[in-house]
Amino acid sequence: MALASMTGFARTQGSAGAWNWAWELKSVNGKGLDIRLRLPGGWEGLEIGLKQVAGRALARGNVNATLSMTRTDSAVSVRVNEDMLRAVAASVSTVAAGLGAPPVHLESLLNIKGVIEITEAEDSEDQRRIVEAAIIAGFETALADLVTMRAQEGAALGLVLNERLDGIAALTARAEANPTRQPEAIRAKLAEQIRVLTETAVNFDSDRLHQEALLIAAKVDVREELDRLVAHVAAARAMLGEGGAVGRKLDFLAQEFNRETNTLCSKANDVSLTAIGLELKGLVEQFREQVQNIE
Numbered sequence: 001m002a003l004a005s006m007t008g009f010a011r012t013q014g015s016a017g018a019w020n021w022a023w024e025l026k027s028v029n030g031k032g033l034d035i036r037l038r039l040p041g042g043w044e045g046l047e048i049g050l051k052q053v054a055g056r057a058l059a060r061g062n063v064n065a066t067l068s069m070t071r072t073d074s075a076v077s078v079r080v081n082e083d084m085l086r087a088v089a090a091s092v093s094t095v096a097a098g099l100g101a102p103p104v105h106l107e108s109l110l111n112i113k114g115v116i117e118i119t120e121a122e123d124s125e126d127q128r129r130i131v132e133a134a135i136i137a138g139f140e141t142a143l144a145d146l147v148t149m150r151a152q153e154g155a156a157l158g159l160v161l162n163e164r165l166d167g168i169a170a171l172t173a174r175a176e177a178n179p180t181r182q183p184e185a186i187r188a189k190l191a192e193q194i195r196v197l198t199e200t201a202v203n204f205d206s207d208r209l210h211q212e213a214l215l216i217a218a219k220v221d222v223r224e225e226l227d228r229l230v231a232h233v234a235a236a237r238a239m240l241g242e243g244g245a246v247g248r249k250l251d252f253l254a255q256e257f258n259r260e261t262n263t264l265c266s267k268a269n270d271v272s273l274t275a276i277g278l279e280l281k282g283l284v285e286q287f288r289e290q291v292q293n294i295e
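Here the sequence shown is numbered in full-length UniProt numbering, starting from 1 and rising by one per residue.
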């Protein structure tokens, strides 16, 4: 499966029956899949089916889909409710005569609600089904274009993430080969610290000193952290190769990368190893930021 981004855009338009329609789809990052549809009045019944279609094509992201529709015919019927108009005119004339007021003009009576009835052309059931089918097909086309765009961006993100993994692997190898983390270097440094302590202290407990030395040696050993970094790099590469909706898994791995690099920096017994740890932290943060865009 291809790696996919969560950001994308697609637009498609067409016509069916007496209608022109246009779909516009926008997708951005999201923790889950959130599909929001904006449909014109009278077409809300399509929402559930359209969301199901989108749910089968997408796994994550905040998606906004807007449908615009305009009618190509302007068939409007106007009918004057003459019975109502006569009744209103008679009542108004009676009141006006009783008050000695001038007669009311016809245009004023026509403004009364219900006197003029305006109805727009309506589709038959068959025409409605044809338009709905075209709208759904247009949505599927726009959705396919959105998926394609997300896949293209996902491929580009995959290259960037693999580059970051290359950098993390290279720095891990440098840390592995760093002379200051070799057992001999650690022993020499400990020996020097012990020498200074024994020369300046009195009544020193040699057994306690031996135990403390072992604890210090264990604390400065970054073997475990380096092994886990190597394993995390391999796992991340496998996920990127697998593709699909792996964003959450990669985000978890990014947190693990960060944990190991923090521990590496805290255990470093030399500025050169600390420098490598800080470089690792920078690359891990870049990796984490890019992972946020993966579906």
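All residues carry an ideal CB built from backbone N, CA and C; glycine is no exception. Only a predicted model underlies this, so the values are computations on that prediction, with no experimental measurement involved.
Distance, residue j Cα to residue i Cα
i      : j      : result
Leu114 : Glu107 : The sequence given here places Gly at residue 114; Leu does not occur at that position. Rounded to the nearest angstrom, the two C-alpha atoms are 14 Å apart.
Glu27  : Leu37  : A small fix is needed here, since residue 27 is Ser in this sequence, not Glu. Roughly 12 Å between the two C-alpha positions.
Ala18  : Arg11  : 21 Å
Thr263 : Phe252 : 17 Å
Glu140 : Val160 : 30 Å
Asn20  : Leu67  : 11 Å
Glu242 : Val233 : 14 Å
Thr7   : Leu143 : 13 Å
Ala155 : Leu165 : 15 Å
Pro103 : Asn81  : 21 Å
Val230 : Ala173 : 9 Å
Arg56  : Arg79  : 48 Å
Ser124 : Ala133 : 14 Å
Leu58  : Ile135 : 19 Å
Val291 : Gly247 : 6 Å
His105 : Arg128 : 42 Å
Ala177 : Ile276 : 11 Å
Lys51  : Gly282 : 40 Å
Ile35  : Ser15  : 24 Å
Phe287 : Leu250 : 9 Å
Gly49  : Asp126 : 19 Å
Ser93  : Ala101 : 9 Å
When the options are compared against residue i, the one with the closest alpha-carbon
i           : options                       : result
residue 296 : Leu250, Thr274, Glu256        : The structure shown does not extend to residue 296, since the chain spans only 1 to 295, so no value can be given for it.
Arg223      : Val233, Phe252, Ala268        : Ala268
Leu146      : Gly277, Asn111, Val63         : Val63
Thr148      : Leu25, Ser15, Glu163          : Leu25
Lys236      : Val284, Ser15, Gln127         : Residue identity check: residue 236 is Ala in the sequence provided, not Lys. With distances taken between Cα atoms, Ala236 lies closest to Val284.
Gly41       : Thr70, Gly14, Leu33           : Thr70
Ala175      : Arg195, Leu46, Arg150, Asp221 : Asp221
Ile112      : Gly98, Arg86, Glu122, Gln152  : Arg86
Glu122      : Gln13, Gln152, Thr72          : Thr72
Extent of the continuous alpha helix (DSSP H) to which residue i belongs
i           : result
Leu99       : 82–99
Gln255      : 247–267
residue 303 : The shown model of the chain, from 1 to 295, leaves out residue 303, and the question about it has no answer.
Glu295      : No alpha helix (DSSP H) holds Glu295; DSSP gives it neither H nor E.
Asp227      : 223–242
Beta-carbon gap between residue i and residue j smaller than 8 Å
i      : j      : result
Leu171 : Glu279 : yes
Ala245 : Arg60  : yes
Trp43  : Gly138 : no
Leu3   : Gly167 : no
Leu109 : Val88  : yes
Glu260 : Glu295 : no
Leu240 : Asn162 : yes
Leu273 : Thr180 : yes
Arg150 : Ser5   : yes
Cβ-heavy atom distance, residue i to the ligand SAH, below 7 Å
i      : result
Thr261 : In the structure shown, the ligand SAH is absent, as is every other ligand, since no ligand is present at all.
*Unbroken alpha helix (DSSP H) runs of length 4 or more, entirely within the UniProt domain "Endoribonuclease YicC-like N-terminal" (4–157): which are they?*
47–57, 82–99, 106–110
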